[in-house]
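Residue numbers for the sequence shown follow full-length UniProt numbering, so the first one is 1 and each next one is one higher.
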Amino acid sequence: MLPSARRASLLSELEGREFVRTDVLAAKLGVSEETIRRDIALLKGKGMLIRVHGGAMHANEHRVVTSVEPFDVRWNGNPEIKSQLGGLAVRLVKKGDIIAIDAGTTALQVALALPADFTGVVATPSLLVAAELAGRPGIDVLVSGGSVRAGDLTCSDPRAKAFFRDLHTDIVFLSSGGVSATKGLTDFYPDEVPVRQAMLKGSKRSYIVAESAKMEKVAPYHVCDLVDVDGLITDAPPPVALEQRLQDLEVELFLP
C-alpha cells in the first residue's frame, strides 16, 4: 500500500470513533507501530487528526448528535463502565449528605452504588432512581414531580424546576448527552434542561458523570458550561482539547 493510501485509510479508521490505538491501526493497516506513529505525526502537522497518548483521534472539534437510543438499549450498553462510574461518584458522598441524582442510565448506576450504610437524602427527577432507593433504610427519597417522559421515567416541566429551585443540596450528579471543551454539557430534551440547571444552581458541589464515549459529542440543548461544574467523572482520559480545558478551568477529573 502506498503511503498516501495508507494515510487515507488511517483517517478512515478514525471516522466515527472517539479514539483509535496505535497498535490497532498498525495491525489493520499491516505496518509497524513506528510507521503509524510517523503517519500520525505527519497528519497531525497538517491538522488532519489529533495525536494523543497511545493513538489518535479525529481532528473534528466535536460531533453533533441529534438523537438518543431507547432507555433499554442504553441500559444494556457498557453496564460495567456505568457501574464503575457509579462507584467513582459515590466516593464523593458523605453520610448525611443531601444528594441530587439526575435521570438516565448512568445516574441510575450512581443510585445503585450508594453504600448499604449510607444515610441521608436523595432528591431526583427520575422515578427509576426513586424506586431503587425508596426501600433503603436511612435514605429519605424526594421526587421532583412533574410530567413523566416514557422510557427513562424522568420528570420535567415548571413543577420539577421549582422543586429543585427551592432545594439546597450538598452534591449533584448530572447526566450527559455530550461533554465538549467548547460547548460544555449538553443534552437531548429541552424541557429537562431547566430542571438540570436548577439542580446545578442549588448544589454546593456538582459533577458530570459520563462515559468516555460522550466526550466531545454535542447534543442539541445546552445545559451549562464546564466552568459551572466542579468535576467530571469518566472512565478514560478525555480528548486532549477537553482535558486541557478542564485543567484551565480547574475542573477536577476523576478516572478509575
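Where is the CB? At the ideal position from N, CA and C, for every residue including glycine. Treat the numbers as computed from the prediction; the structure is a model and nothing was measured.
If distances are taken between C-alpha atoms only, which option among the options comes closest to residue i?
| i | options | result |
| --- | --- | --- |
| Arg245 | Asp235, Leu255, Gly231 and Asp140 | Gly231 |
| Asp166 | Ala107, Thr154 and Ser144 | Ser144 |
| Gln109 | Ala131, Lys94 and Thr119 | Ala131 |
| Asp235 | Tyr189, Leu253, Val24 and Ala26 | Leu253 |
| Val227 | Gly177, Pro238, Glu211 and Arg205 | Arg205 |
Which whole-angstrom value describes the C-beta separation of residue i and residue j, a residue pair presumed to lie in contact below a C-beta threshold of 8 Å?
| i | j | result |
| --- | --- | --- |
| Val121 | Leu133 | With a Cβ gap of about 10 Å, Val121 and Leu133 do not count as contacting. |
| Asp152 | Gly104 | 6 Å |
| Ala89 | Tyr207 | 7 Å |
| residue 257 | Ile98 | Residue 257 is absent from the structure shown; the chain starts at 1 and stops at 256. |
| Gly86 | Ala113 | 3 Å |
| Ile36 | Leu25 | 5 Å |
Compute the distance between the beta-carbons of residue i and residue j, then report whether it is under 7 Å.
| i | j | result |
| --- | --- | --- |
| Ala241 | Ala181 | yes |
| Arg51 | Leu29 | no |
| Lys214 | Val251 | no |
| Thr119 | Lys95 | yes |
| Thr106 | Ser126 | no |
| Asp187 | Val218 | no |
| Ser156 | Glu192 | yes |
| Leu14 | Val20 | yes |
In the stretch 221-248, which residue ranges form an unbroken beta strand (DSSP E) of at least 3 residues, counting only runs that do not cross its ends?
If we require 3 residues or more, the beta strand (DSSP E) runs fully inside the stretch 221-248 come out as 221-224 and 231-233.
Closer than 8 Å is the cut-off here; do at least three beta carbon pairs connect the stretch 80-99 with the stretch 37-54?
Judged by Cβ distances under 8 Å, the stretch 80-99 makes no contact with the stretch 37-54, as fewer than three pairs qualify.
Which ranges would you report for the beta strand (DSSP E) in the stretch 116-168 if only whole runs of at least 3 residues count?
Entirely contained in the stretch 116-168, the beta strand (DSSP E) runs reaching 3 residues are, in chain order, 120-124, 139-143, 147-149 and 154-156.
Say whether the stretch 199-213 touches the stretch 155-173, bearing in mind that this needs 3 or more beta-carbon pairs closer than 8 Å, one atom from each stretch.
Verdict: yes, contact present.
I'd like the ranges of any beta strand (DSSP E) spanning at least 3 consecutive residues and lying wholly in the stretch 11-46.
Listed in chain order, nothing qualifies, since the stretch 11-46 has no complete beta strand (DSSP E) run of 3 or more residues.
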